[in-house]
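There are 2 protein chains.
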Amino acid sequence: MSTPDLPEFFDEFTERDWRSDADGTVRIAMIGLGWWTLEKALPAVERSELCETTVLVSSDAERATAAADANDTVVRGLTYEEFHDGAASEKYDAVYIATPNAVHLQYAETAAELDKAILCEKPMEASVERAAELVAACESVPLMIAYRMQTEPAVRRARELVREGFIGEPVAVHGAMTQRLLDINSDTDQWRLDPDLAGYGASVMDLGIYPLNTARFVLDSDPVSVQASMSASHDAFSDVSDERASFRVDFPDDVSTVCTASQNAAQSSHLRITGTEGELELDPVFFPDEPRKLRVRRGDLDATLDFDQRSQMTEEFDYFADRVLSETEPHPNGEHGLVDMRALEAIYEAGEGDSPVSL
Amino acid sequence: MSTPDLPEFFDEFTERDWRSDADGTVRIAMIGLGWWTLEKALPAVERSELCETTVLVSSDAERATAAADANDTVVRGLTYEEFHDGAASEKYDAVYIATPNAVHLQYAETAAELDKAILCEKPMEASVERAAELVAACESVPLMIAYRMQTEPAVRRARELVREGFIGEPVAVHGAMTQRLLDINSDTDQWRLDPDLAGYGASVMDLGIYPLNTARFVLDSDPVSVQASMSASHDAFSDVSDERASFRVDFPDDVSTVCTASQNAAQSSHLRITGTEGELELDPVFFPDEPRKLRVRRGDLDATLDFDQRSQMTEEFDYFADRVLSETEPHPNGEHGLVDMRALEAIYEAGEGDSPVSL
Numbered sequence: 001m002s003t004p005d006l007p008e009f010f011d012e013f014t015e016r017d018w019r020s021d022a023d024g025t026v027r028i029a030m031i032g033l034g035w036w037t038l039e040k041a042l043p044a045v046e047r048s049e050l051c052e053t054t055v056l057v058s059s060d061a062e063r064a065t066a067a068a069d070a071n072d073t074v075v076r077g078l079t080y081e082e083f084h085d086g087a088a089s090e091k092y093d094a095v096y097i098a099t100p101n102a103v104h105l106q107y108a109e110t111a112a113e114l115d116k117a118i119l120c121e122k123p124m125e126a127s128v129e130r131a132a133e134l135v136a137a138c139e140s141v142p143l144m145i146a147y148r149m150q151t152e153p154a155v156r157r158a159r160e161l162v163r164e165g166f167i168g169e170p171v172a173v174h175g176a177m178t179q180r181l182l183d184i185n186s187d188t189d190q191w192r193l194d195p196d197l198a199g200y201g202a203s204v205m206d207l208g209i210y211p212l213n214t215a216r217f218v219l220d221s222d223p224v225s226v227q228a229s230m231s232a233s234h235d236a237f238s239d240v241s242d243e244r245a246s247f248r249v250d251f252p253d254d255v256s257t258v259c260t261a262s263q264n265a266a267q268s269s270h271l272r273i274t275g276t277e278g279e280l281e282l283d284p285v286f287f288p289d290e291p292r293k294l295r296v297r298r299g300d301l302d303a304t305l306d307f308d309q310r311s312q313m314t315e316e317f318d319y320f321a322d323r324v325l326s327e328t329e330p331h332p333n334g335e336h337g338l339v340d341m342r343a344l345e346a347i348y349e350a351g352e353g354d355s356p357v358s359l
Numbered sequence: 001m002s003t004p005d006l007p008e009f010f011d012e013f014t015e016r017d018w019r020s021d022a023d024g025t026v027r028i029a030m031i032g033l034g035w036w037t038l039e040k041a042l043p044a045v046e047r048s049e050l051c052e053t054t055v056l057v058s059s060d061a062e063r064a065t066a067a068a069d070a071n072d073t074v075v076r077g078l079t080y081e082e083f084h085d086g087a088a089s090e091k092y093d094a095v096y097i098a099t100p101n102a103v104h105l106q107y108a109e110t111a112a113e114l115d116k117a118i119l120c121e122k123p124m125e126a127s128v129e130r131a132a133e134l135v136a137a138c139e140s141v142p143l144m145i146a147y148r149m150q151t152e153p154a155v156r157r158a159r160e161l162v163r164e165g166f167i168g169e170p171v172a173v174h175g176a177m178t179q180r181l182l183d184i185n186s187d188t189d190q191w192r193l194d195p196d197l198a199g200y201g202a203s204v205m206d207l208g209i210y211p212l213n214t215a216r217f218v219l220d221s222d223p224v225s226v227q228a229s230m231s232a233s234h235d236a237f238s239d240v241s242d243e244r245a246s247f248r249v250d251f252p253d254d255v256s257t258v259c260t261a262s263q264n265a266a267q268s269s270h271l272r273i274t275g276t277e278g279e280l281e282l283d284p285v286f287f288p289d290e291p292r293k294l295r296v297r298r299g300d301l302d303a304t305l306d307f308d309q310r311s312q313m314t315e316e317f318d319y320f321a322d323r324v325l326s327e328t329e330p331h332p333n334g335e336h337g338l339v340d341m342r343a344l345e346a347i348y349e350a351g352e353g354d355s356p357v358s359l
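Chains as they are written, first to last, in full-length UniProt numbering: chain H, 1 to 359; chain X, 1 to 359.
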């Protein structure tokens with residue numbers, strides 16, 4: 001793609017290029033009622049075209065019932081036990097798993113047994129082994145991993161520009177995601193800081209996965225080697241190695257991605273892809289409630305595109321529902337998520353040692 | 001510093017906070033008449049307050065004479081031999097060394113013998129050993145290494161903000177500098193691609209040194225460990241390891257700097273410093289003829305500062321002259337430059353092996 005083609009390209013910026021002609025409504029059971037589900041996922045589904053939340057599942061019966069009562073479309077609140085027993089399974093077509101990482105597997109297993117489509121939050125599970133079990137358990141049902149960047153219009157357009165050669169050959173990628181976790185949730189016993197529930201660690205598992213996966217998506221390529229450095233000194237991070245992390249992810253064709261991630265730094269996120277002929281930058285990019293901007297540079301062109309924002313989560317849910325309704329495989333599927341899990345494990349291994357870890 | 005103090009702070013943005021009350025003119029002999037000297041350094045000195053170019057030194061007698069004739073303030077063009085013989089040494093007070101890296105030492109030695117102040121381009125020399133020799137040879141005269149970022153107003157203000165705690169504790173730094181060297185000079189035999197003249201390599205020596213040194217300056221800290229990956233596949237880069245490089249520079253207090261550099265990618269430069277409370281970004285920052293912008297973020301504040309641009313090179317020459325006239329030590333002195341040389345050597349060593357290299 002050359003510069004003169006850009007205006008036309010950006011006219012269609014927020015169009016859902018993935019939308020099929022399938023129609024209908026996918027009824028969703030949301031599993032795990034943390035702040036993410038209540039504050040982000042529920043409102044996103046309310047705004048969606050193809051989804052409806054009909055069931056809410058929580059460890060706490062009262063919490064499930066209260067949340068069900070507060071939401072018009074929801075017909076039942078269930079405990080985890082009731083869910084595993086198949087209660088109200090005729091009331092939903094799919095599940096959204098937003099529990100702590102280390103228990104994704106058990107809900108996915110039950111959902112697959114109930115023949116439900118599955119949208120599972122990332123990272124898929126707490127370890128590569130458990131993620132592989134999850135993929136195996138879900139062979140007979142649609143499984144999508146909730147990489148919402150892959151349906152984010154600005155990210156999709158960046159990917160298209162890279163694919164069309166707008167920046168020439170990709171050379172280097174910078175990516176970062178940082179937030180102040182304890183400002184969002186001051187409880188130092190929260191699961192994101194507990195390796196038994198979070199998995200390999202706190203910052204790369206929960207935040208570093210964004211630049212990692214988005215680089216994979218935009219480059220349309222998978223990592224071959226990683227290198228990392230991690231540190232933790234704040235009391236709340238005493239059980240994990242990565243209050244702060246910096247890591248390098250090397251892709252084929254000598255493309256290097258350098259990333260930083262921290263659960264204890266000012267909120268910020270960006271992705272910058274530099275090529276032989278031009279550059280793209282998304283900043284901010286990874287947080288759901290911030291306006292995204294795409295900066296495109298090539299030769300004398302240096303433009304920053306503001307555009308009508310789409311809800312990242314609504315796009316994700318509608319994409320998932322579109323795939324379910326049209327009976328086509330979602331792109332970020334289980335195998336795709338497994339590649340991240342292997343990369344995450346390697347990044348933590350590299351962070352403990354001195355050497356790069358090959359994939 | 002808190003947010004309310006910012007307006008006053010930025011009123012004084014481009015002020016020369018380093019300026020003493022010294023007065024006068026430092027007459028400069030420029031050594032090495034490549035495009036950088038002719039197109040950047042000469043015009044910068046013309047615009048300066050405290051400098052004047054009076055002598056030009058080149059390997060080529062005709063080139064020296066022609067350039068001398070074309071510049072009003074210049075009274076003599078010299079060959080390298082004539083310079084070493086002390087010709088016209090009464091016509092200049094200081095030298096600016098802008099030759100290939102591997103011959104800085106010989107001109108510095110002669111300049112020191114002639115009791116001249118020295119402004120020496122970075123990297124100081126082709127190797128740590130030769131750089132140390134250069135420092136030793138110049139003990140009796142003022143020696144400044146030409147890190148023009150250290151007198152760049154936007155960089156100085158970023159440093160001040162970091163020092164005053166505006167971003168809290170620094171957590172991570174991203175930095176990059178890329179350009180298309182062969183578009184600037186299509187000669188594949190040029191010295192920047194020749195390890196005998198450039199030293200350890202092409203991209204980190206010439207470009208990566210910018211984020212490396214500017215991170216040191218802004219953080220007011222020196223690296224403790226480096227890790228790197230490099231590759232070269234283009235024919236013109238067959239004698240060096242780093243057509244592309246990505247490297248990590250770890251600073252004390254768990255502050256990681258991740259950098260990319262390439263002599264064969266679209267022109268781009270940025271430096272981003274993320275802290276526990278806020279973030280600063282300079283983009284573009286390292287190229288002399290681009291407008292600099294400083295973005296400051298903290299809490300709800302997200303402002304990008306445009307300001308009257310200063311010529312990076314003029315600021316540098318005037319700072320150097322001010323230090324010479326006031327008989328005070330310039331900040332980026334020989335010892336400071338040596339720290340970079342050791343880091344550069346370590347980055348190339350890390351790029352060849354698999355392990356981080358400690359400093």
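Think of the CB as a built atom: it goes at the ideal place given N, C-alpha and C, for glycine as much as any other residue.
Practice task
Could you have a look at I118 of chain X and say whether DSSP puts it in helix, strand or coil?
Solution key: strand
Handout entry: Alpha-carbon spacing of L42 of chain H relative to P332 of chain H, whole angstroms
Key = 21 Å
Exercise for the section: With a threshold of 16 other CB atoms inside 10 Å of the CB of T304 of chain X, please say whether the residue is buried or exposed. Expected result: exposed
Problem - Within 8 Å, strictly: CB atoms of P123 of chain X and V255 of chain X - result: no
Handout entry: In chain order, each beta strand (DSSP E) run of at least 3 residues that lies wholly inside the region 36-117 of chain X
Key = 51-58, 76-79 and 94-97
Handout entry: Straight-line Cα distance separating G351 of chain H from A228 of chain H
Key = 5 Å
Practice task
Rounded to whole angstroms, what's the CA-CA distance from P223 of chain H to S59 of chain X? Just pull it up for me.
Solution key: 48 Å
Problem - Cβ of N213 of chain H within 8 Å of any chain X Cβ - result: no
Exercise for the section: Within 10 angstroms of the Cβ of I184 of chain H, are there 16 or more other Cβ atoms? Answer buried if so, exposed if not. Expected result: exposed
Exercise for the section: For the beta strand (DSSP E) containing H270 of chain X, list its first residue and its last residue. Expected result: N264 to G275
Problem - Nearest neighbour of A102 of chain X, chosen from X:N264, X:V357 and X:G201 [CA to CA] - result: X:G201
Exercise for the section: Select from the region 187-216 of chain X all residues with a C-beta closer than 9 Å to any C-beta belonging to chain H, and list them in chain order. Expected result: none
Practice task
List the residues of chain X whose Cβ lies closer than 8 Å to the Cβ of Q227 of chain H, in chain order.
Solution key: Q227, S229 and R248
Handout entry: For D222 of chain H, three-class secondary structure by DSSP
Key = coil
Exercise for the section: Return helix, strand or coil for Q150 of chain X, following the three-state DSSP convention. Expected result: helix
Practice task
Could you tell me the boundaries of the alpha helix (DSSP H) in which R297 of chain X lies?
Solution key: That residue, R297 of chain X, is in no alpha helix (DSSP H); its beta strand (DSSP E) goes L294 to R298.
Problem - Cβ of A266 of chain X within 8 Å of any chain H Cβ - result: yes
Exercise for the section: Figure out for me which residue from X:E329, X:G208 and X:T73 has the closest Cα to the Cα of T260 of chain X. Expected result: X:G208
Exercise for the section: Report yes or no: is there a C-beta of chain H within less than 8 Å of the C-beta of V171 of chain X? Expected result: yes
Handout entry: Any chain X beta carbon closer than 8 Å to R156 of chain H
Key = no
Problem - Chain-ordered chain X contacts of D254 of chain H [CB-CB under 7 Å] - result: S231, S233 and R244
Practice task
Look at the Cβ atom of F13 of chain H, then the Cβ atom of F317 of chain H, and state whether they are nearer than 8 Å.
Solution key: no
Practice task
Indicate the three-state DSSP secondary structure (helix, strand or coil) for A236 of chain X in the structure shown.
Solution key: helix
Problem - Beta carbon proximity, V260 of chain X to chain H, threshold 8 Å - result: Per the sequence shown, the amino acid found at residue 260 of chain X is Thr instead of Val. At least one chain H Cβ lies under 8 Å of T260 of chain X.
Practice task
Taking a Cβ distance cut-off of 8 Å, strictly less, list which residues of the region 325-357 of chain X are near chain H, in chain order.
Solution key: D354, S355 and P356
Practice task
Check the Cβ of I167 of chain X against every Cβ in chain H and list those closer than 8 Å, keeping chain order.
Solution key: A266
Practice task
Return the chain-ordered list of same chain residues with a C-beta closer than 8 Å to the C-beta of Y92 of chain H, the five sequence neighbours on each side being excluded.
Solution key: R27, I28, A29, T54, V55 and K116
Problem - A202 of chain H, DSSP secondary structure in three states - result: coil
Problem - Terminal residues of the alpha helix (DSSP H) in which L325 of chain X lies - result: Q312 to L325
Exercise for the section: Output yes or no for whether 8 Å exceeds the beta carbon distance between E121 of chain X and L134 of chain X. Expected result: no
Practice task
Tell me whether A70 of chain H is buried or exposed, calling it buried when 16 or more other Cβ atoms sit within 10 Å of its Cβ.
Solution key: exposed
Exercise for the section: Could you have a look at P7 of chain X and say whether DSSP puts it in helix, strand or coil? Expected result: helix
Handout entry: Limits of the alpha helix (DSSP H) - the one that E125 of chain H falls within
Key = Note, E125 of chain H: premise wrong, no alpha helix (DSSP H); not H, not E.
Practice task
Tell whether a beta-carbon distance below 8 Å holds between V204 of chain H and I31 of chain H.
Solution key: no
Handout entry: Residue nearest to T276 of chain X in terms of C-alpha spacing, selected from H:R216, H:R76 and H:A266
Key = H:A266
Handout entry: Where L219 of chain X falls, given that 16 or more other Cβ within 10 Å makes a residue buried
Key = buried
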